[in-house]
Amino acid sequence: MFGLEERVSGYEGLSVDITLSKKRLIPFLQITYESKAPAFANIDKIEEKLGKHYGRIYDKNEEYINILKQEEEFKP
Numbered sequence: 000m001f002g003l004e005e006r007v008s009g010y011e012g013l014s015v016d017i018t019l020s021k022k023r024l025i026p027f028l029q030i031t032y033e034s035k036a037p038a039f040a041n042i043d044k045i046e047e048k049l050g051k052h053y054g055r056i057y058d059k060n061e062e063y064i065n066i067l068k069q070e071e072e073f074k075p
C-alpha cells in the first residue's frame, strides 16, 4: 500500500490510527501529524490509499457513532 518499505512520505510526527467496528469491521480513521511537507513535495495521500483497501472510511466522530448504533441492530 505504501511501497515495499511500508513508509508514508511527506509527514513528520505522523500517527495513523484505524479502529474497526466489532461486527462489520467498519473503519474509523484518525490521522495526526506535527508537520506536513510543502504541496510541491511527494506527499502520500493516506486517506486515498487506505480507501482503496477498506472502501468507505469514516473520520468524523459523530458520523461513526451513528454507524456504531446502527451496527448494534445488524445480525450476520
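In terms of numbering that gives the first Met the number 0, the sequence shown is residues 0 to 75.
Even glycine gets a Cβ: it sits at the ideal position worked out from N, Cα and C.
Reduced DSSP category for residue i - H, G, I as helix; E, B as strand; rest coil
i: Y10; result: strand
i: I25; result: coil
i: Y32; result: coil
i: I56; result: coil
i: I42; result: coil
i: L19; result: strand
i: K74; result: coil
i: E4; result: coil
Cβ-Cβ separation, residue j to residue i (assumed contact under 8 Å), whole Å
i: S8; j: D43; result: 5 Å
i: I25; j: I45; result: Their Cβ separation, rounded to whole angstroms, is 18 Å, which puts I25 and I45 out of contact at 8 Å.
Cutoff 7 Å: residue i Cβ touching any chain B Cβ
i: K74; result: Annotation note: the requested chain B is absent from the structure, which comprises a single protein chain.
Candidates the options, of which the one nearest residue i by Cα
i: L13; options: Q69, L24, H52 and K35; result: K35
i: L49; options: E62, L28, N60 and P37; result: L28
i: V15; options: D58, G54, L3 and A40; result: D58
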